[in-house]
Amino acid sequence: MTPTFSSHGYGDVEVYAERIDDDKPASIAAIFTPAQGTDGSVSDAEDAGGRIAATAEFPKGQWRAHLTIPLAEDADYVLSSDNARIAFAYLSERDDILDVGVRYVWPVPTADDDMTAGRASVHFQPIARWMNDPNGLCYFQGRYHMFYQFNPFGWQWDQMHWGHAVSRDLIHWTHLPVAFDPQPLLYLDRGQTGGAFSGSAIPIDNDGVPCAGDDATALAVFFTRDLTRKDGTEGVRDEWQVRAISHDGITFGLEKCVVSRHDGDSIDGFSINFRDSKVEAVYAADGSVAYNIMAVATNLPVDGPTAPPAAAIALFRTEGPSITKDDWTYCGPGLLDSSHPGTASLECPDYFTLDATDVACGSLMFYTDPQGRYEPVGWYTGTFDTHGLIHTTHRGYCDYGSAWYASQTFLERRDGGARRIQIGWIPDWHKIRVETPNGVNGAMTLPRELHVKDGKLVSRPVAEVYDHALGKTLADGDCADEPGDVEVPGNAWYARLTDLEPTTRMVIARIGDSEMLLTRTVGTVRITTTGAATDGIDFDMAAPEAQTIEVFYDHGIVEVFADGNAATLLFADSRADGEVVVPNAGHLTVRQLRL
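Structure below.
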């Protein structure tokens, strides 16, 4: 199918494409459709579909390209490719892009693929292709920004780009142009991979000092540039941390390397994993910014050169409050965790103070816990010492399911208050999603607000979830009085279960011989599956005192909340409509999920 579109106020079409034959030139052309016609101001070049408005050539030697083609206003076009496969394309360049977003040209729904299979109703996803880690979460000039790891070329992980979206309420998101591409070398060399890996964002004032988002004049992003040879072992890899500044929240200035593991003898010993820079301001007693910390995921030796290194967070700091003076220096490890054998790194680290308690978080890369959960995200609470190392007094998981990874938090400072918000990536470790030609692989969790209670990091959905994502009430009463299933048009629902009996069971989903069951007994809340890829994993939520359980079910995405803990899972469910199976006890409220 040939992409066709009308410009309607957009100035450019941006195209991600791959060269088919490396030995031949490749290009993409925007062609006026015959019905539109042109005047003498455009090229006289002819094509079977109409006159060529503009053509973009692949740069010499590139096997992949991000091409920007200028458009005449209010015209109808066809995208034509010569020796190239169009993977992803959208309309951009307009003054109100933050409000209206991009408009997708490719992929688009077709008769053979309507692009609805497996799509979530209220969980953020890109229009298509692969997505992973949330990046650059922040509140800036009236909008929440979410960047994310993105592959516009296919269903699987590949060279990493930064996708971008904004929201006024953390629920409804507007898609924006891709913010960062991989390094140009990666579009030249098929033997290299990597790109724009994970990182963070922080609003700043004119002096480069972190500030409340509504007072900010610029947005500073920090992220990892990765270069890895495709040799199957990742044995040849380099990673460094860069900074880029934006004044409009859309376009960014030149990148500058601010931290490299090769900078001086003091930081020798880092593993090949040296990434996911997370920047946080550190505040003085008077509320001003004293300095800034950058947490970087790595491994560090702990018990001598012959012992396995510990998964670690490496800390860098500025001398003063500005993050734009390029005075980052290494100050030591912020966290060392040798208690999870086999962990390759503490990916996507977090490091902050909340409710007068110091907190560190990290994703346990390649680790499988005794219950069978793969790559859980750990939290650690305690006290930072004078060198920044956290002395842990309590620890746990940010999520007790099997579909939560690479989470990121940010501090929203607004209207005289502040809250710590967290979003996680919903991966598919168990191959539950079904690939389609123009489907989407990946989603984000609902935003959660964090607090520390009695040393424990606790979470629940932000208030906006209840205000904007909950729709029509489908049931509300005692389970004994409401036997049978509650039908849910759209297969996206919220259930709240209270007045729990000592033993309460709720079927979250049941399709044929496959089932996901939530069981609350004295001392525990756990989720189990039968006939599914997650059978045998013990999803104990570590919530022995739970008196209320909440379930968000969104086309097979499952988020369960109990006593400040959460569990995110995936269930194979392609049904257009669903149902809630009424539990055996308690009071049940069921509402639709909708945007």
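First residue of the sequence shown? That's 1343 in this note's numbering, and the numbers climb one at a time after it.
Yeah, the Cβ is synthetic: ideal placement off N, Cα and C, and Gly gets one too.
Looking at the secondary structure, which residues open and close the alpha helix (DSSP H) in which H1810 lies?
A1805 to H1810
Output needed for G1555: all residues of its chain with C-beta closer than 6 Å, excluding positions within five of it in sequence on either side, in chain order.
Y1481, F1482 and P1545
Roughly how many whole angstroms lie between the Cα atoms of C1673 and A1637?
11 Å
Thinking H1793 and L1696 are a contact (beta carbons under 8 Å), I'd like their distance in whole angstroms, please.
7 Å
Spatial neighbours of T1870 in its chain, beta-carbon cut-off 6 Å, leaving aside the 5 residues before and after
L1859
Only counting the same chain, and skipping five residues up and downstream in sequence, which positions put a Cβ closer than 8 Å to that of S1602?
When the five nearest sequence neighbours on each side are left out, the beta carbons in the same chain lying within less than 8 Å of the beta carbon of S1602 are those of W1582 and Q1583, in order along the chain.
Identified DSSP bridge partners for M1502
Beta-bridge pairing by DSSP links M1502 to G1537.
On the CB-based measure, 16 or more other CB atoms within 10 Å of its CB, does D1896 come out buried or exposed?
buried
Taking T1570 as the reference, which of F1564, V1563, A1562 and D1580 has the closest Cα?
The closest CA to that of T1570, considering only F1564, V1563, A1562 and D1580, is found on D1580.
Apart from the five residues just before and just after I1373, which ones in its own chain have a Cβ nearer than 8 Å to its Cβ?
D1389, G1391, G1392, R1393, I1394, A1395, Y1419, V1420, L1421 and S1422
Taking Cβ to Cβ, would you say I1411 is nearer than 8 Å to A1398?
yes
What first and last residue would you give for the alpha helix (DSSP H) that runs through Y1529?
P1526 to L1530
May I ask you to report which of helix, strand or coil DSSP gives D1896?
D1896 falls in the strand class under three-state DSSP.
Touching by the beta-carbon criterion (3+ pairs, under 8 Å), the region 1802 to 1819 and the region 1913 to 1932:
yes
May I ask you to verify whether the region 1728 to 1743 touches the region 1782 to 1799, counting CB pairs closer than 8 Å and requiring at least 3?
yes
Give me the DSSP bridge partner(s) of Y1709.
Answer is none; Y1709 lacks a bridge partner.
Could you name the residues that DSSP lists as bridge partners for Y1742?
DSSP output for Y1742 lists no bridge partner at all.
Could you give the distance in angstroms between the alpha-carbon of Y1742 and the alpha-carbon of D1500?
28 Å
Can you check whether the CB of I1732 is closer than 8 Å to the CB of D1700?
yes
Using a 10 Å radius around the Cβ and a threshold of 16 neighbouring Cβ atoms, would you call S1630 buried or exposed?
exposed
Within 7 Å: the Cβ of K1798 and any heavy atom of the ligand NAD?
Inclusion of the ligand NAD in the displayed structure is not the case, the ligand content being empty and no account of it being possible.
In the DSSP output, what is W1405 paired with across the bridge?
DSSP, once it has assigned bridges, lists no residue as partnering W1405.
On the criterion of 16 or more Cβ atoms from any shown chain inside 10 Å, does L1688 qualify as buried, or is it exposed?
buried
Give the range of the alpha helix (DSSP H) segment to which L1688 is assigned.
Unbroken run through L1688 is the beta strand (DSSP E), L1688 to L1696; no alpha helix (DSSP H).
Looking only at its chain, what residues have a beta carbon closer than 6 Å to the beta carbon of T1710, apart from the 5 residues adjacent to it on each side?
So the qualifying residues of the chain are Y1716.
Grouping DSSP H, G and I as helix and E and B as strand, with all else coil, what is V1442?
V1442: helix per DSSP, three-state reduction.
Which of helix, strand or coil does DSSP assign to D1523?
coil
Identified DSSP bridge partners for Q1764:
T1751 and R1790
Counting only the same chain and skipping the five closest in sequence on each side, list residues whose C-beta sits under 6 Å from that of L1530.
G1403 and Q1404
How many whole angstroms separate the CB atoms of A1918 and N1783, which I take to be in contact at a CB cut-off of 8 Å?
Contact doesn't hold; Cβ gap of about 20 Å is too wide.
Whole-number beta carbon distance between F1466 and A1507, since they are thought to touch under 8 Å:
About 7 Å; that satisfies the 8 Å criterion.
Might you give, ordered along the chain, the residues of its own chain that have their beta carbon closer than 6 Å to the beta carbon of N1495, omitting 5 neighbours on each side?
Position check: residue 1495 holds Phe in this sequence, whereas Asn was assumed. So the qualifying residues of the chain are A1429.
Under 8 Å between C-beta atoms of Y1352 and S1434:
yes
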